[in-house]
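Asker:
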Amino acid sequence: MDAEDRRLDPLQSFTVNSFRLDPEQWRDLLSEQDSQMMFNSFFNTQDYWTLFICQRPQSGLSASLHFPTNVQTKVICVSKTGPGVLTKENTRESLIIQEVQGEDALSFIIAVSEQVTCLLLSNPETSSTCAAGVAEEALRFMERQKNEALVMKAHIEGQTFLPHPEALHDDALHDDALHDDARKLSDMELLHSCDSTIIEWAELVSEFLKQHSSQPVLDGLKPLPSEEFNFWRNRLNNLHFIQQQLTSSRAQQVASIVQKAQSVYWSTLRDIYRDVQEGLKEAEDVTLNLTRLQEKLEQVEQVEYQQLGANMAAVMEEVRQVWIQSEFYCKPGRMVVLLQEISNLFIQMSRKFLRVEEVMHGLVSDPGPVLDDVRLVIRTLQTLKQAYSQCRTQLESQNQNQSWDFPSHLVFSHLDNFLTRLHSIQEVLCVSLQLHQLGQTVLSGVSSRMWTDVVQDVYLDFLRHVMALSQSNCDPTDPDDQSFELHLDQFQVQVSDLDRQLVFVLSRALEDCCVSSSAAKLVQMFRLILDRPLIQDQLRPHLIWLVEMVLVELDQTELLFFSQKEKSETFSRFSPSAAAKLCWTQQLRLRAEDALNSYRTVQHLCVDSGESQLVLQRFQKVVDLLQDFRDQVRSDWSRQLDSDCGFILEQPLIQHSQQGMLGVNCSHKLEEVLRELRCVSREADVELHPDTARLLTCRDDITQTYLSLSHMVSCYNQVVSDVLQVELPLIQDQQQDLYQNLSELQTNTWSCEGVQHLVEQQRERVLMFHSTVSEARANMDAMTGIIQGWAELHLLQHSGDSLLEGGATEQSYRQIREEGQQLLRLTQVNRSLYGAEDSSESWIRYLDHIDDQVQHGLFQLLLRSLHSLSDNMNPQTCRAPLVGVRLELQETGSVLEPSVGGGLLKTIITDIYTAASLPARISVSRHDNLQESLQQSPDLTALEQEVMRHLVLVKEEAEHLRAGLDRYSYLWQSNRKEMMQDFLAYSRQLRPDELEAEEAPPSLKDFQREIESLHRLSREVTHLDDVIILHGWLQVDLRPFRDSLLSIIHDWRHMYTEYLLDSVSDSLQQVRRRADDDDDDDDDEDSSSLPLTETILLLEAAGVQLPEHLSAQLQC
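Numbers in my numbering are just positions in the sequence shown, counted from 1, shifted up by 3.
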């Protein structure tokens, strides 16, 4: 059958559209030889009535004459509507094409067989068209196919189908039909068919009833309780299904036939009925009693794993109830299977909680949380075993006949293997957690760097080993995975090698420790790994040595106590002797306790061989010695302190000295007693005698009173000791009153009532007096500061380069005036503070004192200013010019501005003295002018004369400088017009002594000589210095003189060049007229004596440009 066969068109169209295929895939199906045989058998013979087409993921499209197995996708079912061969004319009318899901295909086959095919074949009208025997054979084939489909469908659904006899049809349900059939079929054939069916039923039922829920366990699987519950639920459903089949009309027909025929299989059929009923009763009982357990387990599966352990007892209680209440389930075998399944469930939940990837990752990164989870799982599963033991004990105590007498290892064999694996994982995680601490380990001591590097190398080796273990491709939570055990054994060997390296490092590090505390810190640092057996065994000698070191330190503490307890310098100098002794003994006790704590750090690692008792005895001995000494110190301290307190209570508050000063009586003794009382208040075991108790009760008040009294005395003494002689008369009355009031305190003691109130009253008076005097003294200091600040003022006004601009600065004047007014205000404030009268003699002397300071301050200001002026005028000490003048050229000649004479510095000196007249007089008894008084000072007069002497010297040198520049005076003194006339007449300048000379008009060379002479003179003047310093302090600016002189020289030069330009202009005019009038040649030649061309060249050499009109005439 090829692809061009038109009978395939309906199948092709339906299949391609149903599976959404490429037509090429359909052609591939038809090209296969097996497929061609299938299509030929279906279309060209009468033996096959159905064809199935399906699509598999691996092999693609496939065709089959039987229902395909294990098909979950849809299946195309093709059925004939009648017998016979299909032709291209009747194909579309004779085919039924449907698509069904894989699981519904069997139902479709059964429905087609029952409702279409079998009806057609059993119809005489339809079967008559077939050859003889063909319809009967086809009918038997379809019956077999239908039975197979029913069996397969039931098998898929987990049920047992009891097939019907092939010779028995639906029309045999009635007696008449049965009689007709008996005539059609022989009785032996029908009976044989029924007997065969009963035998098949017996085998199917027997095989089903032999099924046991323990089979997965026997097969080595790890079933869960859900499989047990499903098994009994499916068993109950299947038994109901079998019962329905046995009570169906066809089964009753079979029973009637074998019963009437008295077949030997009638008893077999009755046994089947009985077995099904008993099995049904058992299944109903078991299912009913397992329901509560199933519900409880489903609830347990939903809770958090942390709460799982709390539900173990409830789960086992439900199991116990199943054992007690079920009639058929109280068998050891079934109970063992159920408990194994429950264990498997908890194992599965535990593995899901742990998660394999987190367990392996935790080995490397953070083993702590994973270790906690593993320990939680171990505790939870052990809780299950404990709940099982409790239920077993409870059953044994209630009824011996219902006890669980089966061995426990049969129940928990898989659980024990899982717990064993968890303990291995726990050990690995503990090792990982311990060795992870090495990453932050830093040792101290002589060889600390070397041992730290070794520890870090061990840590890096451990990381490599644990990384290799974590990367192994195995499941550590699966006890059946033996590859993890191999990796684990290898890891333990590697860890043992690391342990030996750590033992070596710890041994050397302990040997370097000189005190037990260092060794204890080292042990504490490695405490997590010291519990490992290998390390602990190797370090035991060093731990014993540490115990011996502790004993030595306790002995040293005892020796130190005996050697130092009588030496006073042993104790603190800043606390009472008794308190210092108690503190010292407490430090010794702490030292002994530190040694004991060092021992306790390693106590659990040492084998008890009497060391513990010896260390405790030695420690107790030291503690007893210290306690006895402390008791003696407290007793002596109590007696001495009471004596001191009694002495203090009887002492007066203050005492007077010969210098008029006051002092707190027995202040040092009082401070010592108060300090001891503060220390006693912290000691609970010191006995307090009456005086001590009395003083301790009011210690805070006495302390406050003592501080107030000390402050008051200090303020009073400060006023008395710092008072000036001029201030003493102003405060003498107040001082005498205070002295009388304070003398009353000398008659009061610390034991008197109201001492604190009395001291506070006197303290307020003294503080007020002290405040008043202190404020007045601060004002006096402020005035003194103002007056002393005048000596730092800069009276002389400077410009750039330290040149005086002339006179004093207005800013300095303003400051002196303002500060003078401030002095007056401060004196008035002090008068108010002292309460003095303006006319009192003491106040007048006070003002005279301030006025003397003002006068002295002004004197220092003037003296400093004149000294500065004199020093800056001395050539040996001056560092920069002080005064600047200008040399100017005026109509009268060269002049210095300002003039270097007495007036140059007279203004400056006058301004300096003027500063003394600015502040007002403070004294009311002195009315003369301060400036006039100070001008009469010999020191200031001598400085003023020194300044004038320097001025005379510089004046002479300045005059010499001016006279030297008068060599150019002829330039500004001579009359240029007269000089030009003489030059034009005589070609030179006449001397003063020449009265007459021969006239000789100047030639062009004469003009050239004069112009060049002026040019040389101009260069000479240009090179004069800008500034000249005289005597190091007078700066003479020559630039005004130079500029004026250069201007005069330029005028002289212009006079000659202007004459030459006029000459050129005249010559050009003559040339133009000559060109107009040839007759005047002789006259033109006589009118100008200077050659035109040479004149122009001279002008150009002199830098003079011809005017534009002359240049235009030349070009013409």
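Idealized CB from N, CA, C, for every residue including glycine. Here the structure is a predicted model, which is why all the values come from computation and not from measurement.
(1) How big is the Cα-Cα spacing for R10 and P60?
(2) Between N43 and S270, what straight-line distance do the alpha-carbon atoms span, to the nearest angstrom?
(3) Using beta-carbon positions only, say whether A923 and L864 come within less than 8 angstroms of one another.
(4) On the CB-based measure, 16 or more other CB atoms within 10 Å of its CB, does I99 come out buried or exposed?
(5) Excluding five sequence neighbours on each side, which residues of the same chain lie with their C-beta closer than 7 angstroms to the C-beta of F17?
(6) Tell me whether V88 is buried or exposed, calling it buried when 16 or more other Cβ atoms sit within 10 Å of its Cβ.
(7) Would you check whether the ligand ADP has a heavy atom nearer than 7 angstroms to the C-beta of P166?
(8) Please classify E285 as buried or exposed, where buried requires at least 16 other C-beta atoms within 10 Å of its C-beta.
(9) My parser needs the alpha helix (DSSP H) runs of 4 or more residues fully inside the segment 919 to 984; what are they?
(10) If the criterion is Cβ atoms closer than 8 angstroms, does the pair M876 and R979 meet it?
(11) Rounded to a whole number of angstroms, what is the C-alpha to C-alpha distance between V380 and R603?
(12) With DSSP collapsed to three states, give me the class of E306.
(13) Grab me the residues of H177's own chain with a C-beta within less than 7 angstroms of its C-beta, minus the 5 sequence neighbours each way, in chain order.
(14) Could you tell me the boundaries of the beta strand (DSSP E) in which V1024 lies?
(15) If I'm right that T290 touches L239 with Cβ under 8 angstroms, what's the distance once you round it to whole angstroms?
(16) Measure the alpha-carbon distance for E596 versus V461 and round it to whole angstroms.
(17) Rounding to the nearest angstrom, what Cα-Cα distance links C586 and Q707 in this structure?
(18) What would DSSP say about R882, mapped onto helix, strand or coil?
(19) Based on Cα-Cα distance, which residue from R337, Y971, E304 lies nearest to Q218?
(20) Report the three-state DSSP secondary structure of E795 (helix, strand or coil).
(21) How is C80 classed by DSSP in three states: helix, strand or coil?
(22) Whole angstroms is fine: what's the gap from R68's alpha carbon to Q15's?
(23) Would H797 be called buried (16 or more neighbouring beta carbons within 10 Å of its own) or exposed?
(24) Which word fits L593, buried or exposed, when buried means at least 16 other C-beta atoms lie within 10 angstroms of its C-beta?
(25) With the cut-off set at 8 angstroms, would you say K83 and V103 are in Cβ contact?
(26) Excluding the 5 residues preceding and the 5 following L836 in the sequence, name in chain order all residues of the same chain whose CB lies nearer than 7 angstroms to its CB.
(27) Going by the CB atoms, is the gap between W204 and I275 shorter than 8 angstroms?
(28) Check whether the segment 879 to 886 touches the segment 1028 to 1048, counting contact only when three or more Cβ pairs, one atom from each stretch, lie closer than 8 angstroms.
(29) Whole angstroms is fine: what's the gap from Y973's alpha carbon to I1099's?
(30) Nearest-angstrom Cα distance between Q856 and L921?
(31) Based on Cα-Cα distance, which residue from L249, Q214, R95 lies nearest to W166?
(32) Which whole runs of the alpha helix (DSSP H) in the segment 353 to 428 are 4 residues long or more, in chain order?
(33) Tell me which residue opens and which closes the beta strand (DSSP E) that E894 is part of.
(34) What separation, rounded to the nearest whole angstrom, lies between the Cα atoms of Q635 and E569?
(35) The alpha helix (DSSP H) that contains S34, what's its start and end?
(36) Distance check for P1043 and V957, CA to CA, integer angstroms please.
Answerer: The relevant details are as follows:
(1) One C-alpha to the other measures close to 27 angstroms.
(2) For N43 and S270, the distance between alpha carbons rounds to 48 angstroms.
(3) Not a contact, by the Cβ cut-off of 8 angstroms.
(4) With fewer than 16 Cβ atoms within 10 Å of its Cβ, I99 is classed as exposed.
(5) The answer, listed in chain order, is I79, I100.
(6) By the 10 Å Cβ count, V88 comes out exposed.
(7) Judged by which ligands are present, the structure shown has none, so any question about the ligand ADP falls away.
(8) By the 16-neighbour rule on beta-carbons within 10 angstroms, E285 is buried.
(9) DSSP assignment within the segment 919 to 984 yields the following whole alpha helix (DSSP H) runs of 4 residues or more, N-terminal first: 933 to 938, 941 to 967, 972 to 976.
(10) No; because the gap between Cβ atoms is not below 8 angstroms, this pair is not in contact.
(11) Cα-Cα distance, rounded: 33 angstroms.
(12) Checking the sequence shown, residue 306 turns out to be Val, not Glu. The answer is coil: DSSP assigns V306 none of H, G, I, E or B.
(13) Confidence at H177 is low in this model, with a pLDDT of 40, below 50, so its placement is unreliable and the value that follows should be read with caution. If we look at H177 and ignore the five residues flanking it on each side, it has no Cβ neighbours.
(14) V1024 -> not in any beta strand (DSSP E); alpha helix (DSSP H) instead, spanning 1007 to 1025.
(15) Confirmed, about 5 angstroms.
(16) One Cα belongs to E596, the other to V461, and the distance between them is close to 35 angstroms.
(17) Taking the straight line joining both Cα atoms gives about 27 angstroms.
(18) It is coil, neither helix nor strand.
(19) Out of R337, Y971, E304, R337 has the C-alpha closest to the C-alpha of Q218.
(20) Coil, per DSSP.
(21) Strand at C80.
(22) Reading off the sequence, residue 68 comes out as Leu, not Arg. Spanning the two alpha carbons is a distance of roughly 17 angstroms.
(23) Classification of H797: exposed, given that the 10 Å Cβ count is below 16.
(24) Taking every protein chain shown into account, the CB of L593 has fewer than 16 other CB atoms within 10 angstroms, so this residue is exposed.
(25) No. Outside cutoff.
(26) Result list for L836: T775, E778, A779, in chain order.
(27) A distance below 8 angstroms separates the beta carbons of I275 and W204.
(28) Judged by Cβ distances under 8 angstroms, the segment 879 to 886 makes contact with the segment 1028 to 1048, as three or more pairs qualify.
(29) Going from the Cα of Y973 to the Cα of I1099 covers about 29 angstroms.
(30) C-alpha separation (whole angstroms): 15 angstroms.
(31) One point to set straight first is that residue 166 is Pro, not Trp, in the sequence displayed. Ranking L249, Q214, R95 by CA distance to the CA of P166 puts L249 first.
(32) Complete alpha helix (DSSP H) runs here, min 4: 359 to 365, 370 to 401.
(33) That residue, E894, is in no beta strand (DSSP E); it is neither H nor E in DSSP.
(34) In a straight line, the C-alpha of Q635 is about 13 angstroms away from that of E569.
(35) Where S34 is concerned, the enclosing alpha helix (DSSP H) stretches over 26 to 34.
(36) Pairing V957 with P1043, the inter-Cα distance amounts to about 20 angstroms.
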